[in-house]
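Engineer: From first to last, the protein sequence lines are chains A and B.
Okay, so the first sequence: first residue is 1 according to this note's numbering, each after it adds one.
Okay, so the second sequence: first residue is 1 according to this note's numbering, each after it adds one.
Idealized CB from N, CA, C, for every residue including glycine.
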Amino acid sequence: VGIIGNVQQRTAEVVYDIGGGRIGFSPKACS
Amino acid sequence: GEEQFFRTVRVDTLLPAAVCSTRKGFSTGGNSLRVVHRRGPCSPLAGVKPNHARTLLRQDVLRVESLQRRLSREASVGGQTQASEVALPAQRGITFGTANYVVTLGLGTPGRDQTVVFDTGSNVCWVQCQPCVGSCYPQQGPVFDPAASSTYSNVSCGSTACGNLDVRGCSGTTCLYGVKYGDNSTTVGFLATDTLTLAPGYAFPGFVFGCGQRNQGLFGKVAGLVGLGRSSFSLVSQASQRLGKAFSYCLPATSSSTGHLTIGESAASKAASYTPMLTDPRDSSLYFLTLTGISVGGQLLPVSPSVFQSAGTLIDSGTVITRLPPSAYSALRSAFRAAMAKYPMAPPRTLLDTCYDFSNTETISYPVVSLHFGGGAELQLELPGIFYVADISQACLGFAGNGSPGD
Numbered sequence: 001v002g003i004i005g006n007v008q009q010r011t012a013e014v015v016y017d018i019g020g021g022r023i024g025f026s027p028k029a030c031s
Numbered sequence: 001g002e003e004q005f006f007r008t009v010r011v012d013t014l015l016p017a018a019v020c021s022t023r024k025g026f027s028t029g030g031n032s033l034r035v036v037h038r039r040g041p042c043s044p045l046a047g048v049k050p051n052h053a054r055t056l057l058r059q060d061v062l063r064v065e066s067l068q069r070r071l072s073r074e075a076s077v078g079g080q081t082q083a084s085e086v087a088l089p090a091q092r093g094i095t096f097g098t099a100n101y102v103v104t105l106g107l108g109t110p111g112r113d114q115t116v117v118f119d120t121g122s123n124v125c126w127v128q129c130q131p132c133v134g135s136c137y138p139q140q141g142p143v144f145d146p147a148a149s150s151t152y153s154n155v156s157c158g159s160t161a162c163g164n165l166d167v168r169g170c171s172g173t174t175c176l177y178g179v180k181y182g183d184n185s186t187t188v189g190f191l192a193t194d195t196l197t198l199a200p201g202y203a204f205p206g207f208v209f210g211c212g213q214r215n216q217g218l219f220g221k222v223a224g225l226v227g228l229g230r231s232s233f234s235l236v237s238q239a240s241q242r243l244g245k246a247f248s249y250c251l252p253a254t255s256s257s258t259g260h261l262t263i264g265e266s267a268a269s270k271a272a273s274y275t276p277m278l279t280d281p282r283d284s285s286l287y288f289l290t291l292t293g294i295s296v297g298g299q300l301l302p303v304s305p306s307v308f309q310s311a312g313t314l315i316d317s318g319t320v321i322t323r324l325p326p327s328a329y330s331a332l333r334s335a336f337r338a339a340m341a342k343y344p345m346a347p348p349r350t351l352l353d354t355c356y357d358f359s360n361t362e363t364i365s366y367p368v369v370s371l372h373f374g375g376g377a378e379l380q381l382e383l384p385g386i387f388y389v390a391d392i393s394q395a396c397l398g399f400a401g402n403g404s405p406g407d
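1. Given a cut-off of 8 Å on the beta-carbon distance, is the pair B:A192 and B:Y152 in contact?
2. Please tell me whether B:L278 and B:T292 are closer than 8 Å, where the distance is taken between their beta carbons.
3. With a threshold of 8 Å on Cβ separation, who are the neighbours of B:Q82 within its own chain once the five nearest residues in sequence on each side are excluded?
4. Using a 10 Å radius around the Cβ and a threshold of 16 neighbouring Cβ atoms, would you call B:A253 buried or exposed?
5. DSSP state of B:T195, grouped into three classes?
6. Indicate the three-state DSSP secondary structure (helix, strand or coil) for B:A346 in the structure shown.
7. Could you tell me whether the Cβ of B:E382 comes closer than 8 Å to any Cβ of chain A?
8. If you follow the beta strand (DSSP E) that B:A433 is part of, which residue opens it and which one closes it?
9. Can you tell me where the beta strand (DSSP E) with B:S148 in it begins and where it stops?
10. So the beta strand (DSSP E) B:R39 belongs to, where does it begin and stop?
11. Which residues, in order along the segment 233–251 of chain B, keep a beta-carbon less than 9 Å from a beta-carbon of chain A?
12. To the nearest angstrom, report how far apart B:Q394 and B:L352 are at their CA atoms.
13. My assumption, with CB atoms under 8 Å, is that B:V303 sits in contact with B:A338. Please give the rounded CB distance.
14. Buried or exposed: where does B:K270 fall if 16 or more other Cβ atoms within 10 Å of its Cβ makes it buried?
15. If we ignore side chains and look at the alpha-carbon of each, how far apart do B:R112 and B:T319 end up?
16. Check each candidate in B:P384, B:R282, B:P276, B:L383 and name the one with the smallest Cα separation from B:G376.
17. Assuming B:T363 and B:V9 make a contact with CB atoms under 8 Å, what is their CB distance in whole Å?
18. Hey, does B:D316 have any beta-carbon neighbour from chain A nearer than 8 Å?
19. Go to B:I386, then tell me how far its alpha helix (DSSP H) extends in each direction, as first and last residue.
20. Output the distance between the C-alpha atoms of B:V179 and B:V208, rounded to the nearest integer angstrom.
21. Output the distance between the C-alpha atoms of A:A29 and A:E13, rounded to the nearest integer angstrom.
22. By how many angstroms is the C-alpha of B:T186 removed from the C-alpha of A:V15?
23. Can you give the beta carbon distance from B:L379 to B:G220, rounded, assuming they're within the 8 Å contact cut?
24. Quick one, which of B:G374, B:N360, B:V36 has its alpha-carbon nearest B:P305's?
25. Counting contacts by CB-CB distance shorter than 8 Å, is A:E13 in contact with chain B?
26. Are there 16 or more other CB atoms within 10 angstroms of the CB of B:S317, so buried, or fewer, so exposed?
27. If contact is defined by three or more beta carbon pairs under 8 Å, each pair taking one atom from either stretch, is the segment 394–404 of chain B in contact with the segment 354–362 of chain B?
28. Pick helix, strand or coil for B:V77, following the three-state DSSP scheme.
29. Given 8 Å as the limit, is there contact between the segment 14–23 of chain B and the segment 139–146 of chain B, that is, 3 or more CB pairs closer than that?
30. With DSSP as the reference, label B:L15 as helix, strand or coil.
31. Any C-beta of chain A sitting closer than 8 Å to the C-beta of B:Y287?
32. Can you tell which of B:G403, B:D391, B:H260 has its C-alpha closest to the C-alpha of B:V102?
33. Counting only C-beta atoms, is B:M277 closer than 8 Å to chain A at any point?
34. Applying the criterion that 16 or more other CB atoms from any shown protein chain within 10 Å of the CB defines a buried residue, is B:T262 buried or exposed?
35. Can you name the residues of chain A whose CB is closer than 8 Å to the CB of B:G398?
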């Protein structure tokens with residue numbers, strides 16, 4: 001498989017909405 | 001167009017600072033925990049400067065091999081044993097290796113702080129436990145003592161929780177758990193319940209975890225691990241009744257800064273751009289999504305979406321370097337090298353083959369890299385999401401190719 005690693009995740013808040021069945025990226029939320 | 005898709009930064013911002021810089025305006029109260037890199041100056045684990053090439057990247061290779069093995073149809077599966085010792089499967093280790101981000105939470109009554117790694121690729125939560133019948137590795141701070149907690153209980157062998165473990169055994173009527181990680185680290189002990197506290201007012205009585213009595217391997221000085229996978233044992237599953245079935249995190253941009261892990265909904269969730277979360281029957285506890293394309297400097301790479309979709313894509317908090325299908329990585333590398341052509345290249349660093357020597361440059365201009373996902377979600381990467389920098393003379397593109405298109 002391809003894998004999105006944590007270097008690439010360092011620039012956005014990553015949201016795991018398991019109940020809603022979706023993964024989100026919020027680019028400005030961490031700065 | 002160029003201004004929008006290229007950024008210019010000072011080279012000295014590529015490296016972490018020697019001292020910890022806590023993000024302003026962030027509270028660790030409520031359902032949010034402070035996240036730090038376990039080897040950086042913000043870590044409570046007496047930060048040790050990481051040796052990137054020899055340790056982190058090699059452990060990352062082990063982790064990815066472990067993930068690929070875990071998803072291989074040939075993987076053997078551990079089962080129940082009635083022996084007094086849990087028999088760990090010989091071939092199938094779940095991932096651990098480079099899960100380098102740690103949080104501190106409370107366990108027991110009264111609560112004792114435990115600094116643990118968190119990992120979306122793991123499910124079972126565990127800490128080292130007294131009396132360490134087999135062995136405990138040296139950790140930072142005292143090992144959790146069940147005898148000092150008024151709310152601690154062992155889980156019985158006939159319970160549903162024990163039956164749901166992948167690897168289990170019984171010692172009399174007490175349930176034993178076992179986990180073998182992809183780097184051959186292991187933990188074995190009693191399955192137990194106690195009160196887990198994220199923060200004052202956020203306590204979870206009856207939290208199921210492993211009370212590790214024989215713990216060996218590459219755990220560093222952490223007290224244990226908190227799994228954030230999709231099985232019933234993970235922290236997010238166990239907290240879901242109260243906080244909802246969601247979590248989010250901001251990983252620190254460098255090892256000298258801080259981030260957060262929020263269990264339940266966060267304010268950011270409303271502003272996020274979403275892609276469907278997929279389940280792969282090869283391992284339903286991992287988080288899969290659909291990667292459809294990559295752009296470099298605003299230009300979409302000439303790679304068919306089917307290249308990404310033939311083997312699938314998962315997102316993992318513990319893997320360091322993003323792995324791509326070989327042809328997709330080749331296209332990314334070509335486009336990135338073309339955009340960075342004015343800078344001298346440096347030798348490759350383990351699995352990273354596109355590295356630059358910025359030691360004679362004050363500022364650099366780099367192309368923005370974006371990942372495109374099914375449903376239209378986009379993750380636009382900035383500097384910390386593009387470069388893996390161990391040394392200013394060897395700053396590398398933080399992507400790598402898989403060995404074969406089917407990996």
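Structural biologist: Judging by the given coordinates:
1. As a working mapping, residue 192 of chain B is identified with position 192 in the second sequence. As a working mapping, residue 152 of chain B is identified with position 152 in the second sequence. It is a contact, given that the beta carbons lie within the stated cut-off.
2. Within the second sequence, the letter at position 278 stands for residue 278 of chain B. Within the second sequence, the letter at position 292 stands for residue 292 of chain B. Their beta carbons are not under 8 Å apart, which means B:L278 does not touch B:T292 by this criterion.
3. Taking the second sequence and counting its residues from 1, the one referred to as residue 82 of chain B is at position 82. Confidence at B:Q82 is low in this model, with a pLDDT of 47, below 50, so its placement is unreliable and no value can be given for it.
4. Position 253 of the second sequence, counted from the start, is the residue given in the question as residue 253 of chain B. B:A253 is buried by the Cβ-count criterion.
5. As a working note, residue 195 of chain B is residue 195 in the second sequence. Three-state result, B:T195: strand.
6. Position 346 of the second sequence, counted from the first residue, corresponds to residue 346 of chain B. DSSP places B:A346 in strand when its eight states are reduced to three.
7. As a first step, residue 382 of chain B must be located in the second sequence, where it is residue number 382. Yes, because at least one Cβ of chain A sits closer than 8 Å to the Cβ of B:E382.
8. Nothing about residue 433 of chain B can be read from this structure; chain B reaches only from 1 to 407.
9. What you label residue 148 of chain B is simply residue 148 of the second sequence in a count that begins at 1. The sequence shown places Ala at residue 148 of chain B, not Ser. B:A148 -> no beta strand (DSSP E), and no H or E assigned at all.
10. Counted from its first residue, the second sequence places residue 39 of chain B at position 39. Segment: none, B:R39 is in no beta strand (DSSP E) and carries neither H nor E.
11. For the segment 233–251 of chain B, the set of residues with a beta-carbon nearer than 9 Å to any beta-carbon of chain A comprises V236, S237, S240, G244, K245, A246, F247, S248, Y249, C250, L251, in chain order.
12. Here residue 394 of chain B corresponds to residue number 394 of the second sequence, with the count starting at 1. Here residue 352 of chain B corresponds to residue number 352 of the second sequence, with the count starting at 1. Taking the Cα positions, B:Q394 is about 10 Å away from B:L352.
13. In the second sequence, residue 303 of chain B corresponds to position 303, counting from 1. In the second sequence, residue 338 of chain B corresponds to position 338, counting from 1. With 8 Å as the limit, B:V303 and B:A338 do not qualify as a contact, their Cβ atoms being about 15 Å apart.
14. Looking up residue 270 of chain B in the second sequence gives position 270. With fewer than 16 other Cβ atoms within 10 Å, it is exposed.
15. On the second sequence, position 112 is the one that residue 112 of chain B refers to. On the second sequence, position 319 is the one that residue 319 of chain B refers to. Those two C-alpha atoms are separated by around 29 Å.
16. Residue 376 of chain B sits at position 376 when you count from the first residue of the second sequence. Closest option to B:G376, Cα to Cα, is B:P276.
17. By one-based count along the second sequence, residue 363 of chain B stands at place 363. By one-based count along the second sequence, residue 9 of chain B stands at place 9. About 6 Å; that satisfies the 8 Å criterion.
18. Start at 1 with the first residue of the second sequence, and residue 316 of chain B comes out as number 316. Yes, because at least one Cβ of chain A sits closer than 8 Å to the Cβ of B:D316.
19. The residue you call residue 386 of chain B lines up with position 386 of the second sequence. From DSSP, the alpha helix (DSSP H) with B:I386 extends over 383–386.
20. Within the second sequence, numbered from 1, the residue matching residue 179 of chain B stands at position 179. Within the second sequence, numbered from 1, the residue matching residue 208 of chain B stands at position 208. Their Cα atoms are separated by approximately 15 Å.
21. On the first sequence, position 29 is the one that residue 29 of chain A refers to. On the first sequence, position 13 is the one that residue 13 of chain A refers to. Cα to Cα, the separation comes out at about 6 Å.
22. Sequence index remark: in the first sequence, residue 15 of chain A carries index 15 (1-based). Sequence index remark: in the second sequence, residue 186 of chain B carries index 186 (1-based). Whole-angstrom Cα-Cα distance: 30 Å.
23. Taking the first residue of the second sequence as position 1, residue 379 of chain B is located at position 379. Taking the first residue of the second sequence as position 1, residue 220 of chain B is located at position 220. Actually they do not touch by this definition, with Cβ atoms about 29 Å apart.
24. Walking along the second sequence from the start, residue 305 of chain B turns up at place 305. For the residues B:G374, B:N360, B:V36, the minimum Cα distance to B:P305 belongs to B:G374.
25. In the first sequence, counting from the first residue as 1, residue 13 of chain A sits at position 13. Using a Cβ-Cβ cut-off of 8 Å, A:E13 counts as an interface residue toward chain B, since at least one Cβ of chain B sits closer than that to its own.
26. For the purposes of this step, residue 317 of chain B is taken as residue 317 along the second sequence, with counting starting at 1. Buried, by the Cβ-count rule.
27. A contact between stretches requires three or more CB pairs, one per stretch, nearer than 8 Å, and the segment 354–362 of chain B meets this requirement with the segment 394–404 of chain B.
28. Numbered from its first residue, the second sequence carries residue 77 of chain B at position 77. Low confidence applies here, because B:V77 scores a pLDDT of 44, under 50, leaving its location unreliable; read the following figure in that light. Coil.
29. By the Cβ criterion, the segment 14–23 of chain B is not in contact with the segment 139–146 of chain B, since fewer than three pairs of Cβ atoms, one from each stretch, lie closer than 8 Å.
30. As a first step, residue 15 of chain B must be located in the second sequence, where it is residue number 15. Coil at B:L15, not helix or strand.
31. To locate residue 287 of chain B, count along the second sequence from 1; it is residue 287. At least one chain A Cβ lies under 8 Å of B:Y287.
32. For the purposes of this step, residue 102 of chain B is taken as residue 102 along the second sequence, with counting starting at 1. Of the listed residues, the one whose Cα sits closest to B:V102 is B:H260.
33. Taking the first residue of the second sequence as position 1, residue 277 of chain B is located at position 277. Chain A, which has a Cβ nearer than 8 Å to the Cβ of B:M277, makes this yes.
34. In the second sequence, the residue the question calls residue 262 of chain B occupies position 262. Counting C-beta atoms within 10 angstroms of its own C-beta, B:T262 has 16 or more neighbours from the protein chains shown and is therefore classed as buried.
35. Your numbering for residue 398 of chain B matches position 398 in the second sequence. Per Cβ cutoff of 8 Å: G5, V7, Q8.
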